[in-house]
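Residue numbers (our numbering): 167 to 743.
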Amino acid sequence: MTVLAFGMMSGCKSGNGPDTPQNAPRINLGVQGNITVDAKGGEAKIPYTIVNPAKGGEVKASSSQDWVSVTSYTDSTIILDVETYTEEENRNSIITIEYSYDGGNATPVQANLVQRGARTYDHELTAEVFTGTYEEINGHHCFTVNLSNLGYDADGYGKPEGMYYSIIFFSEEPADLENPLPAVGKYEVSDNAGDSTVMVISPASSVLSYDENGDRDLDAALDFGTMDISREGNVFTFDAELEDDNGETHHVIYSGEIELNVIYNGMQVITSDVDLKATQVTPQYMTDDYGVMQVYLHMTDMKINNGKYEAPGSLLRVHTFMPYDRNGNIAAGHYVVEETLRENSILAGYLSGETPYGTFVDVVDEMENEFFGLVTSGTMEVEKSGSTYNITCNFTTSDDYTVTASFNGSLEDMIDKPEPFSTFEGNRILALSEPFKQTEAVCYGSDFYLTGDAGSRWVITIRSGFSQVEDGVALDIVSSGTFESGIATGTYTPAVGFPRTGEYLPGSMVEGGIYGSNYIGAFLNGMPSKYAPAVSGNLDITNKGNDNYDIKFSFVDDLGYTWEGEYSGKLTVSEGK
């Protein structure tokens, strides 16, 4: 054991009077975890500081083993000399640091120095590139560090002659969940990784390497071994000795400052711009309301095998609002990310809990790590020529990264395309005659649909007959007539999207409720059991004054059947809210 003392000649403590816990000198080590030295030995350093130094105070360090010598000091570092080691097993020495001064001694501190055995490995790497993630999984704190010599290319692929380690481990809860950092110490591969056990490495950790042609020459799980994590200031050292499922041994070291991305629901935030050249676009119908349907456009450059996307690649999900089309056609036009959700608008991306919704991009690298970006602004252009679509997206995410995407070609068939809901089995002429149960028109004022149109929305309901033989019609129109002047005379045509003056809203069904212009009949418990939408056709209205109207219509439903009828008489007019 060697001991060398270092006198602190300059200090700010007078030495007069008793020490108190607040002002007594104490020793702070500048390293957390083991101090690791390879088998070749040589110089090692222990950083330290003396808090509340005393005048004339003296630092003294000693080693529990004689193969470590304390050679010199500075006012912040202890210099050690470690002998060369020829055995295979690691060895360690406890370094004790003391501080004495006139009137007392500070509490000693100890550091553990580990010298690695003189082993040979099948693979050794001093990593130059670090990326990492943190994720809370069922209350457990999971870290993944990716260590490599070259990093990935722009498309997320490994590079020729690249070596890539992905080490998954569970640690203690980070002190700062906004900037999570792993606990220092020794971690060991364990099948219990992921339960309540901490300081363990998951056997799902892996290694990939590529030859000079960019072909994989190693793809293996790391299912045995240990990793030491130590820290000096902001510099972390990861020192791992692992064995893969082929029986090959690995030694990988990384030392440097680190930053970890927080994963939300298995995904982490993108850290660069995304440019997607889509090879496939699949629309997915979600719902519709008042003539506007919500459709997800799934744009991807990934291969799809048995309905599953294959990494690496990108998937852009665009949540659009467009004119309802029961045949699943996507409307051409200029779409904008905005808060007012109407036809030709795009819903911005957002998180609900830890899951992204709305419009967002999902990027998956070759290691199947997922990254997402929430789209918060931008536009999409959709052009159509026959069955060919040209789609261009220019978006910005919540973290100010750009997401651009383009596609030219035919779309895939719409997923969940709306099915016809008409109950008609053939053409139908309505019997709108006495006795009438309901003849009313409700005015909801101007620009109900927020299109900027000055026309007023009117909902006309006419029902006649008895119970199961009852016929009826509900008409949802926009008229230039106000509540005071009544419904304007004219021919009303089907709207594409939200209706404007002179148009009616075609019928639709959403979650069992019918909206827009529809046949309604055979009421049970106040609800129609027979119905059919007005998909196309004309509606003629003549205002005869004093709330008297002639109404005549001939519509086509979503099965292609024609239904028509007419009414002449008074409507009970009221204002809606």
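Each residue gets a CB set at the ideal place from its N, CA and C atoms; glycine is no exception.
- [ ] Figure out for me which residue from Asp582, Glu264, Arg508 and Asp247 has the closest Cα to the Cα of Asp613.
- [x] Arg508
Task: Nearest residue (CA-CA) to Asp642, options Arg483, Asp411, Gly611 and Lys474 - done: Gly611
- [ ] Please determine if the stretch 259-266 and the stretch 388-401 are in contact, where contact requires at least 3 C-beta pairs separated by less than 8 Å.
- [x] no
Open item on the list: Using the three-state DSSP reduction, which class does Lys221 fall into: helix, strand or coil?
Closed with: coil
- [ ] Below 6 Å CB to CB, which residues in the same chain sit around Glu409 once its five sequence neighbours on both sides are set aside?
- [x] Phe390, Gly391 and Thr415
Open item on the list: For Met117, list the residues DSSP reports as bridge partners.
Closed with: Nothing in the structure corresponds to residue 117, since the chain is present only between 167 and 743.
- [ ] Within its chain, find whatever has a CB closer than 6 Å to the CB of Cys178; leave out the 5 residues flanking it on each side and keep chain order.
- [x] Since pLDDT at Cys178 reaches only 40, below the 50 mark, its modelled position is unreliable, and the value read off the structure follows with that caveat. Same-chain partners within the cutoff: there are none.
TODO: Starting from Glu730, follow its DSSP beta bridges and name the residues at the other end.
DONE: Ile595 and Ser720
TODO: Tell me whether the beta-carbon of Ile626 lies closer than 8 Å to the beta-carbon of Gln604.
DONE: no
- [ ] Could you check the C-alpha separation between Val739 and Cys609 for me, to the nearest Å?
- [x] 8 Å
Open item on the list: By alpha-carbon positions, which one of Glu209, Gly207 and Thr215 ends up nearest to Asn749?
Closed with: This structure does not reach residue 749, given that the chain is present from 167 up to 743, and the question cannot be answered.
Task: Per DSSP, the bridge partner or partners of Pro489 - done: Val458
Task: Opening and closing residue of the beta strand (DSSP E) in which Asp410 lies - done: Val401 to Asp410
Task: With 16 other Cβ atoms within 10 Å as the buried cut-off, status of Met167 - done: Caution applies to Met167, whose pLDDT of 43 falls short of 50 and renders its modelled position unreliable; the value that the coordinates give is listed next. Burial call: exposed.
Task: Three-way DSSP call (helix, strand, coil) for Arg282 in this model - done: coil
Open item on the list: Threshold first: 3 residues or longer. Then list the beta strand (DSSP E) segments lying entirely within the stretch 650-690, N to C.
Closed with: 656-660, 674-676, 679-681 and 684-690
TODO: Can you tell me which of Ser259, Glu354, Val502 and Ile303 puts its alpha carbon nearest to the alpha carbon of Met546?
DONE: Val502
Open item on the list: I'd like the list of long-range same chain contacts for Lys550, defined as Cβ closer than 7 Å, with 5 residues on each side in sequence excluded.
Closed with: Ala498
Open item on the list: Using CA atoms only, rank isn't needed, just tell me which of Asp383, Glu327 and Phe309 is closest to Tyr353.
Closed with: Phe309
TODO: Using only alpha-carbon positions, find the residue among Asp531, Lys718 and Glu504 that is nearest to Tyr114.
DONE: The question about residue 114 has no answer here: the residues shown for the chain are numbered 167 through 743.
Task: Residue from Thr648, Phe561, Ala597 and Glu209 whose Cα sits closest to the Cα of Leu442 - done: Phe561
Open item on the list: Nearest by alpha-carbon distance to Phe402: which of Tyr376, Val373, Ile436 and Pro348 is it?
Closed with: Pro348
Open item on the list: In this structure, how does DSSP classify Met533 when only helix, strand and coil are distinguished?
Closed with: coil
Task: Gln434 versus Val529, Lys226 and Ile212, residue with shortest Cα-Cα distance - done: Val529
Open item on the list: Please report the straight-line C-alpha distance between Leu291 and Asp204, rounded to a whole angstrom.
Closed with: 14 Å
TODO: Could you pull out every residue in the same chain whose Cβ sits closer than 6 Å to the Cβ of Asp724, ignoring the five residues on either side in sequence?
DONE: Arg492, Pro586, Ser588, Pro699 and Val701
TODO: Could you tell me which residues DSSP pairs with Thr554 in its beta bridges?
DONE: Ser551
TODO: With DSSP as the reference, please indicate the residues paired to Asp642 in a beta bridge.
DONE: Val625
Task: Identity of the residue in Glu224, Gly656 and Asp288 nearest Asn271 by Cα - done: Glu224
Open item on the list: Quick check: the Cα distance between Thr230 and Gly196, rounded to an integer number of angstroms?
Closed with: In the sequence under discussion, the amino acid at residue 230 is Ser, which differs from the Thr named in the question. Going from the Cα of Ser230 to the Cα of Gly196 covers about 20 Å.
- [ ] Tell me where the beta strand (DSSP E) around Glu290 begins and ends.
- [x] His289 to Thr292
Task: Own chain partners of Gly324 with C-beta closer than 7 Å, once the 5 adjacent residues on each side are dropped - done: Tyr318, Tyr330, Leu374, Tyr376 and Glu532
- [ ] Return the CA-CA distance between Glu339 and Val311, expressed in angstroms with no decimal places.
- [x] 16 Å
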